[in-house]
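**Q**
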Amino acid sequence: MALAFTDEIKLGYSAPGFQLLEPLTGSIRNLHELKGDVATVVMFICNHCPYVKHINEGLVQLANQYISMGISFIAINSNDANRYPDDRPDRMIEVSKEQKYPFPYLYDESQQIAKKYYAVCTPDFSIFNKELKCVYRGQLDNSRPGNNIKVSGNDIRKALNSLIDNKKVDGNQIPSAGCSIKWKV
Numbered sequence: 030m031a032l033a034f035t036d037e038i039k040l041g042y043s044a045p046g047f048q049l050l051e052p053l054t055g056s057i058r059n060l061h062e063l064k065g066d067v068a069t070v071v072m073f074i075c076n077h078c079p080y081v082k083h084i085n086e087g088l089v090q091l092a093n094q095y096i097s098m099g100i101s102f103i104a105i106n107s108n109d110a111n112r113y114p115d116d117r118p119d120r121m122i123e124v125s126k127e128q129k130y131p132f133p134y135l136y137d138e139s140q141q142i143a144k145k146y147y148a149v150c151t152p153d154f155s156i157f158n159k160e161l162k163c164v165y166r167g168q169l170d171n172s173r174p175g176n177n178i179k180v181s182g183n184d185i186r187k188a189l190n191s192l193i194d195n196k197k198v199d200g201n202q203i204p205s206a207g208c209s210i211k212w213k214v
């Protein structure tokens with residue numbers, strides 16, 4: 030597992046549109062149908078990464094808390110499923126059901142959407158305001174596998190609460206850490 034960190038990109042860019050398969054439903058989903066009224070969290074995750082497995086329960090709790098407040102959560106798997114078969118779409122369906130994901134879990138087979146979102150690792154988080162401008166690129170919280178810090182989602186909670194309260198999101202953002210996205214060779 031190669032440790033990678035979210036690239037620091039100047040905030041304010043527009044969320045790139047997409048049309049991606051949701052393996053669970055067999056539907057093609059797009060950004061504009063999935064975006065939230067207040068904010069949209071776009072996260073790059075996968076099935077096999079220990080960093081994602083570590084936060085899954087907390088991520089589900091976070092999403093369940095904020096979805097009713099006009100926050101949309103969109104998960105995308107961009108890993109090379111040929112080299113990493115645990116990240117295949119059929120396994121995405123299993124993981125979605127096992128974890129009870131309350132958000133769509135989409136498959137970026139071409140990996141072009143990950144590149145457009147500057148995704149580097151799993152998990153990789155970006156938050157977009159209601160105008161779909163990026164206001165946050167950072168970690169869920171300080172918890173990592175083996176560091177004995179409980180998953181809280183504090184960093185993302187602060188950003189989401191700012192958006193809900195119509196306040197500016199703090200520009201001090203700590204990059205997310207996780208497994209590098211498994212790019213096709």
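According to this note's numbering, numbering within the sequence shown proceeds without interruption in unit steps and concludes at 214.
Here a beta-carbon is modelled for each residue, glycine too, at the ideal position from N, C-alpha and C.
1. Looking at GLY99 and VAL67, is the spacing between their C-beta atoms short of 7 Å?
2. Tell me whether VAL124 sits in a helix, a strand or coil according to DSSP, three-state version.
3. Specify the secondary structure class of TYR147 as computed by DSSP and reduced to three states.
4. Can a CB atom of chain D be found closer than 7 Å to the CB of ARG117?
5. What did DSSP end up calling ASN158 once you bin it into helix, strand or coil?
6. For THR69, I'd like the list of residues in its chain whose CB is within less than 6 Å of its CB, leaving aside the five on either flank, ordered along the chain.
7. Drop a sphere of 10 angstroms on the beta-carbon of ILE38, count the other beta-carbons inside from all chains shown, and report buried for 16 or more, exposed for fewer.
8. In the DSSP assignment, what are the bridge partners of TYR134?
9. Which residue from TYR113, GLN128, GLU51 puts its Cα closest to that of ILE84?
10. On a Cα-Cα basis, can you pick out the residue from THR35, THR151, LEU49 that is closest to ASP137?
11. What residue range does the beta strand (DSSP E) around GLU51 cover?
12. Should the segment 177-187 be regarded as contacting the segment 87-99, the criterion being three or more beta carbon pairs within less than 8 Å?
13. Apart from the five residues just before and just after GLN168, which ones in its own chain have a Cβ nearer than 6 Å to its Cβ?
14. Return the bridge partner residues of THR69 from the DSSP annotation.
15. CB GLY207 to CB CYS78, shorter than 7 Å?
**A** Result, derived from the coordinates:
1. Stepping through the sequence shown from its first residue, residue 67 is reached at position 38. Stepping through the sequence shown from its first residue, residue 99 is reached at position 70. Their beta carbons are under 7 Å apart, which means VAL67 touches GLY99 by this criterion.
2. Here the question's residue 124 lines up with position 95 in the sequence shown. DSSP, reduced to helix, strand and coil, places VAL124 within a helical segment of the structure shown.
3. The residue labelled residue 147 in the question sits at position 118 within the sequence shown. Secondary structure of TYR147 (DSSP, three-state): coil.
4. Chain labels in this structure do not include chain D; a single protein chain is all it has.
5. Here the question's residue 158 lines up with position 129 in the sequence shown. Looking at ASN158 - three-state DSSP - the assignment turns out to be strand.
6. Your numbering for residue 69 matches position 40 in the sequence shown. Counting only Cβ-Cβ distances below 6 Å, and skipping sequence neighbours, we find SER101, PHE157.
7. On the sequence shown, position 9 is the one that residue 38 refers to. Exposed, by the Cβ-count rule.
8. In the sequence shown, counting from the first residue as 1, residue 134 sits at position 105. For TYR134, which the question treats as bridged, DSSP gives the partners ALA104.
9. Translated into positions along the sequence shown, residue 84 becomes position 55. If you compare the alpha carbons of TYR113, GLN128, GLU51 with that of ILE84, the shortest gap goes to GLN128.
10. Reading the sequence shown from its first residue, position 108 is the one you call residue 137. Nearest option by C-alpha distance: LEU49.
11. As a first step, residue 51 must be located in the sequence shown, where it is residue number 22. That run of the beta strand (DSSP E) goes 48-51.
12. Taking a contact to require three or more Cβ pairs closer than 8 Å, the segment 177-187 and the segment 87-99 qualify as touching.
13. Position 139 of the sequence shown, counting from 1, holds the residue named residue 168. In chain order, ASP184, ILE203, SER205 place their CB closer than 6 Å to the CB of GLN168, counting only its own chain and leaving out the 5 sequence neighbours on each side.
14. For the purposes of this step, residue 69 is taken as residue 40 along the sequence shown, with counting starting at 1. SER101, PHE157, per the DSSP bridge assignment.
15. Counting from 1 along the sequence shown, the entry for residue 207 is found at position 178. Counting from 1 along the sequence shown, the entry for residue 78 is found at position 49. CYS78 sits close to GLY207, with the two beta carbons spaced by under 7 Å.
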